[in-house]
Structure formats: structure tokens, C-alpha cells
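One structure below.
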Amino acid sequence: MKTLQRNSIYLFIFGLFLNNYHLRSQTSKETEIYNWFDKNLGIESLDIKNGAAHLNFDKTIENQNRYYFTENFRKGNVRYNNQNYFDVLLKYDIYKDDLVLNPYDEANTTKINLIKDNVENFTINNEKFVNLKTLNTFLFKGGFYEEALTNGNSLLYIKYYKEKKKDQKAESDLIQFIPRYEFVLLKENKYHLINDKKEIIALFPESKRKINDYYFMYKSLKKQDPALFIKNLIKYINN
110 MKTLQRNSIY
120 LFIFGLFLNN
130 YHLRSQTSKE
140 TEIYNWFDKN
150 LGIESLDIKN
160 GAAHLNFDKT
170 IENQNRYYFT
180 ENFRKGNVRY
190 NNQNYFDVLL
200 KYDIYKDDLV
210 LNPYDEANTT
220 KINLIKDNVE
230 NFTINNEKFV
240 NLKTLNTFLF
250 KGGFYEEALT
260 NGNSLLYIKY
270 YKEKKKDQKA
280 ESDLIQFIPR
290 YEFVLLKENK
300 YHLINDKKEI
310 IALFPESKRK
320 INDYYFMYKS
330 LKKQDPALFI
340 KNLIKYINN
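Take the position in the sequence shown, starting the count at 1, then add 109; the result is the number in my numbering.
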């Protein structure tokens, strides 16, 4: 019922804008209208507010956390239960693979884990993540992946996750989170793991020399930023 109400009012307001203004762009105007509606109705009454409370009792070593990029909320967009929500406060818990919403404002302590099956995609830190529900989780981790790069008939997805372990050097029960990655390439309508060089060469045998050269030239980048290393490698192969 709430979704139908939101759509009905959205269509009515959108019609008013069409009659009275020249649209700068359909995307920007759609964002403005949705934001106006959510502000005036109140996001607490919308479907996106549904979900379990997000709890985090981690005691970590300095500068460690379970989140992608930052533990602070940032404005982003999400497509949830077939509806678009713009400029909402989000952060991504990559340890639990949960998208976390602050439905009010940055000063509020309320945090909600959005129902994962209802999240189609979201954008945070100017990066788009998609829910790859169709992946065979026996071979792949599944869940949210960054839709990182499109080249010809291939599409690169990156899974960010963290492993938790007790810090052996700490006197108390502090924990640390170790960043991990899963790289998946959608090529010719089939998903392929590309976590090591052999798997990449198997998909691009004609580029074996280029791939070997790249691994040799950018050893340090592979250690410092594995995700950027793979992104640049796929670009390099396709150039």
C-alpha cells in the first residue's frame, strides 16, 4: 500500500513538473521528486525502513572496522523492493554482507540492516554494487558485488569481504579485520572466477604474454590494492 501511494503521488507530482518546467535531465528531476516525497511523507513510513537493527559490538585494534571504505554513513542511492531511494545515509558491512541504513540523520543512532533480498543495487562512494542472486554460492560467495568495469562482452564484478581474527599482539580481546576479495568476470553470459593468473589466462589465452608482463610490472600494486590491480588488468587486456 505504501509503495502504491508513493508511486501515485510521484506520478502526479512528476506530471506537474512536466507541465511547468523544462527538465534539466530526467534522472536529476526524478531524484528531486523522490527526495521531496520522502521528506514530506517521512522515510519512517516507507518500506525501506523495514529490517533488523544493525548491532556492532566489535572491539578492534586502531583503524580497523568491518565496513567497506568507511564506518561512517555516507549519502548514497538504493533500489529497494522495486523502488528508488536517493540521497539516503548508507554504509556497507562487508563482514556480514549487509547494507546498513540510517533512516533519519547522521546524529541519530538508529541503524537498520536492509532486507538483502529486497536490495537490487545501491551506490555508495560513487561506486555501484549489485545483488548477484543468481550466482551459484557453492562456487561463489554471492551477495553484493561492485559492478566495476564493462569491456565489450565482459563485465567485472568485485566482492569485498573481511575475515575476523583475534589480534595476537594485543593484551585484551581486540580483533582485527583482514580485507579479502573475490573477482568474477561475466564473459559470454557465463560467470568465471578470476582470483589467480591461471584463471585469467584460461579466459584470454591470446593475451598470455600481456598478462604475464602486467603481473611482472605491477607486483607492488597487487599487494597494495588488489581490486585496482584487477581493474587495470582487465582494461590492459582489452586495449
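The beta-carbon is built from N, C-alpha and C at its ideal position, and this holds for glycine as well.
With 16 other Cβ atoms within 10 Å as the buried cut-off, status of residue i
i: D226; result: exposed
i: I320; result: buried
i: R289; result: exposed
i: N181; result: exposed
i: A257; result: buried
i: I267; result: buried
i: D202; result: buried
i: F253; result: buried
i: F338; result: buried
i: L265; result: buried
i: F247; result: exposed
i: L83; result: The displayed coordinates of the chain run from 110 to 348. Any statement about residue 83 would go beyond what the structure contains.
i: K328; result: exposed
i: K274; result: exposed
i: I170; result: exposed
i: D305; result: exposed
i: E255; result: buried
Coarse secondary structure for residue i, derived from DSSP in three states
i: Q173; result: coil
i: I327; result: A small fix is needed here, since residue 327 is Tyr in this sequence, not Ile. Y327: coil per DSSP, three-state reduction.
i: E255; result: strand
i: D196; result: strand
i: K332; result: helix
Sequence-distant residues of its chain with Cβ nearer than 7 Å to residue i (five each side left out)
i: Q173; result: Q285, F286
i: T219; result: N211, P212, Y213
i: Y176; result: K200, Y201, D202, I203
i: N230; result: R188, K237, F238, V239, N240
i: A162; result: K220, I221
i: L150; result: Legend: pLDDT at L150 = 43, less than 50; position of this residue unreliable, no value from coordinates given.
i: I343; result: L258, N260, L265
Boundaries of the beta strand (DSSP E) in which residue i is found, first to last residue
i: E291; result: 284-296
i: L302; result: 299-302
i: K184; result: 183-189
N-terminal and C-terminal residue of the alpha helix (DSSP H) that residue i is part of
i: I267; result: Unbroken run through I267 is the beta strand (DSSP E), 263-275; no alpha helix (DSSP H).
i: E315; result: Note, E315: premise wrong, no alpha helix (DSSP H); not H, not E.
i: Y345; result: 335-347
Residues of its chain near residue i, where Cβ-Cβ distance is below 8 Å and the 5 sequence neighbours each way are ignored
i: Y143; result: At Y143, the pLDDT of 48 sits below 50, so the modelled position is not reliable and the matter cannot be decided from this model.
i: S281; result: K168
i: I157; result: V187, Y189, N190, Q192, Y194, V197, L210, P212, L223
i: I303; result: F292, V293, L294, I309, L312, I339
i: N262; result: K296, E297
Cutoff 6 Å; reference residue i; Cβ partners in own chain excluding five residues on either side
i: T243; result: none
i: T232; result: G185, N186
i: Y269; result: Y177, I203
i: S316; result: I346
i: E340; result: The displayed chain sequence assigns Lys, not Glu, to residue 340. Answer for K340: A257, L258, listed in chain order.
* Asked: If you scan the stretch 199-246 from start to end, which runs of the alpha helix (DSSP H) of 4 or more residues do you find wholly inside it?
  -> none
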